[in-house]
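In terms of full-length UniProt numbering, the sequence shown opens at residue 1 and continues consecutively. A short worksheet on the structure shown next.
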Amino acid sequence: MRDLCGYYSGLIQQDKVIFLKMLARDYGVQQEDVLQFASMLATSSQDIGTASILRIHERLRKALVPPYQSLFTQISHVDNGVKFLVDLRTDILNALLSSGDDRPFMAAMNSCLLDLLRLWFSVGFFQVERITWESPCDMLQKISDKEAVHPIRNWYDLKRRVGPYRRCFVFMHNSMPREPVVILHTALTDSITSSIQTLVSRSPRAEDIDEIKEDPGRVTTAIFYSITATQRGLAGVDLGNYLIKNTVKELLLEYPQMHQFSSLSPIPGFHDWLSAEITRYLHLKQHPSALLSASDLQEIQTVLASPNKPLMETLQMTLKKATWAQNESLARVLEAPLMRLCARYLYCEKQLGFARNPVANFHLRNGAVMWRLNWLADTSPRGLNNSLGMMINYRYYLDETESNSKKYIENQSISVSDQILELVSHLPQKVTSSN
């Protein structure tokens, strides 16, 4: 098995795809065997006896197990074998994007490997560890390199994020030593933060960080401001929920008086969604009242008039440039309509009945409340490009998370604050009723 893993790892990407397609097609479920045993079962009668029928059941069950499942299981027993399989699934997911006629076979192999990974990465096999400035250097480097939400600028910045009034927790798995699977950054504050700038702005000097001492009396609130799943090959394995729950337990042991728990989350996809909506109305030559009210349009026109282009096209082009947020007059005029549209995107736009936004879907599944939308909470280039600078707090009420999660998963019912409801109440009825 080590030789096979080494051989595969040495292939160039193109040859890896060829290998995976061969594995999926030639070592998948053998259709002839399945049909044979299924036919035997369908034509058998009770006269042959229960034992004989159960033997056919067993033979059919074994026939439905693809040979590559046994291969994956054997690889998992090799040193670093599970990590190899996690990376292998990353390659499978990439190959699925352009697998042509082999796609059904590749999709079946992906499903098989995902089921195994879900079994191996169940919660009981994880440990939650806190990362501090005294943690091993290679671990600190991975925390820095893998931060996907708010990039860490330098070692001073990293020291701040694992220092006083900050907690960095990681999910570690026995089969992947010194490899953080999920990373959760948490700020300890006295209120629910509304701006990421207050948490990840320019860090003090390293020597100044050493002088900061935590005052337990100031710590009443935990803000989860960055959650990063580091392994693409584990997509579909639900891990973040357990990390948050275990982090809350750890924090309450340290600060029993802590009583507020909330995320400060990005809103990826909002800007793209809004731009697509504007394009749709422009192409259909519809009146933009479904997006903006007459008073909104009138106010925007006073600061964004363009004689040669429709107002909505001008707005669309303006929002593509991060500099719009520096124009105080324009930002003030856009605040109310963009907040309403963002609330619509989060609360009303659905995919298979669940929140379309992936971050919203994650927290709502965990039992959080869609609590507060924050204007210009992230004015970094990334924040303005993704969500026009807005962020949202998903608040965790510990005695309600289980019931909230159940309502959302079973009935697609979103637990939401009065602020969000007020924002969407100004939208057209056909939009607000979609929830």
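All C-beta atoms, glycine included, are put in the ideal place defined by N, C-alpha and C.
Please report the straight-line C-alpha distance between residue i and residue j, rounded to a whole angstrom.
i: D87; j: K350; result: 31 Å
i: K213; j: S289; result: 53 Å
i: N435; j: R372; result: At N435, the pLDDT of 45 sits below 50, so the modelled position is not reliable; the number obtained from the coordinates is stated separately. Looking at the two C-alpha atoms, the distance is approximately 18 Å.
i: N246; j: L60; result: 41 Å
i: S433; j: E422; result: Since pLDDT at S433 reaches only 42, below the 50 mark, its modelled position is unreliable, and no value is offered.
i: I420; j: I196; result: 20 Å
i: T401; j: D33; result: 47 Å
i: I18; j: M40; result: 36 Å
i: L71; j: L23; result: 10 Å
i: E328; j: A336; result: 14 Å
i: Y8; j: I183; result: 29 Å
i: Q316; j: S387; result: 13 Å
i: I48; j: P180; result: 55 Å
i: G6; j: L114; result: 22 Å
i: Q301; j: I278; result: 16 Å
i: D418; j: R356; result: 21 Å
i: V248; j: L398; result: 9 Å
i: K21; j: N94; result: 12 Å
i: residue 438; j: L364; result: No statement about residue 438 is possible, as the shown extent of the chain runs from 1 to 435 and does not include it.
i: C137; j: F171; result: 17 Å
Considering just the uninterrupted stretch of the beta strand (DSSP E) at residue i, what are its terminal residues?
i: Y394; result: M391 to Y396
i: I57; result: Sequence inspection shows His at residue 57; the Ile mentioned does not correspond to that position. First-last for H57: T50 to A63, but that is the alpha helix (DSSP H), not the beta strand (DSSP E).
i: F224; result: T221 to A229
i: N374; result: V369 to N374
i: H173; result: R166 to H173
i: F72; result: It is not in any beta strand (DSSP E) - F72 instead sits in the alpha helix (DSSP H) that spans P67 to S76.
i: V86; result: Careful: V86 lies outside any beta strand (DSSP E), inside the alpha helix (DSSP H) at G81 to L96.
i: E134; result: Element bounds for E134: n/a, residue is neither H nor E.
i: I409; result: Taken as a continuous stretch (DSSP letters only), I409 belongs to no beta strand (DSSP E), being part of the alpha helix (DSSP H) at T401 to N411.
i: T379; result: From DSSP, T379 is part of no beta strand (DSSP E); its letter is neither H nor E.
i: L184; result: V182 to T189
Within its chain, find whatever has a CB closer than 7 Å to the CB of residue i; leave out the 5 residues flanking it on each side and keep chain order.
i: T220; result: D190, Q257, M258, H259 and Q260
i: S413; result: K407
i: P306; result: The displayed chain sequence assigns Ser, not Pro, to residue 306. Only T314 meet the Cβ criterion.
i: G353; result: Q412
i: D102; result: K21, A24 and R25
Are there 16 or more other CB atoms within 10 angstroms of the CB of residue i, so buried, or fewer, so exposed?
i: S122; result: exposed
i: D296; result: buried
i: G367; result: buried
i: D3; result: exposed
i: R153; result: exposed
i: H173; result: buried
i: L274; result: buried
i: R332; result: exposed
i: S263; result: buried
i: N404; result: buried
i: I12; result: exposed
i: S415; result: buried
i: K159; result: buried
i: L253; result: exposed
i: Q231; result: buried
How is the alpha helix (DSSP H) around residue i delimited, first residue to last?
i: V200; result: Q197 to V200
i: L35; result: Q31 to T43
i: residue 461; result: Residue 461 lies beyond the range of the chain shown here (1 to 435); nothing can be said about it.
i: I300; result: A294 to L304
i: V333; result: E328 to Y347
i: H259; result: Taken as a continuous stretch (DSSP letters only), H259 belongs to no alpha helix (DSSP H), as it is neither H nor E.
i: A360; result: P358 to R365
i: M317; result: L311 to L319
i: E422; result: D418 to V424
i: I278; result: F270 to L284
i: G163; result: Note, G163: premise wrong, no alpha helix (DSSP H); not H, not E.
i: G6; result: R2 to S9
i: M176; result: Where M176 is concerned, there is no enclosing alpha helix (DSSP H), given that its DSSP letter is neither H nor E.
i: D115; result: R103 to W120
So, at 8 Å on beta carbons, what are the nonlocal neighbours of residue i in its own chain, with the 5 sequence-adjacent residues on each side left out?
i: G389; result: A325, W375, L376, A377, D378, T379 and G383
i: H77; result: M1
i: Y68; result: L23, A24, Y27, G28, M109 and C112
i: S44; result: S52, I53 and I56
Round the Cβ separation of residue i and residue j to the nearest angstrom and send it over; I've been treating them as touching at under 8 Å.
i: F270; j: C342; result: 6 Å
i: V359; j: P266; result: 6 Å
i: F37; j: A63; result: 5 Å
i: M370; j: L346; result: 6 Å
i: L117; j: V237; result: 6 Å
i: H150; j: S226; result: 6 Å
i: W120; j: V82; result: 6 Å
With a threshold of 6 Å on Cβ separation, who are the neighbours of residue i within its own chain once the five nearest residues in sequence on each side are excluded?
i: Y281; result: P288
i: T186; result: R167, A222 and F224
i: G163; result: I209
i: D91; result: K16
i: E299; result: V333
i: V128; result: F169 and N246
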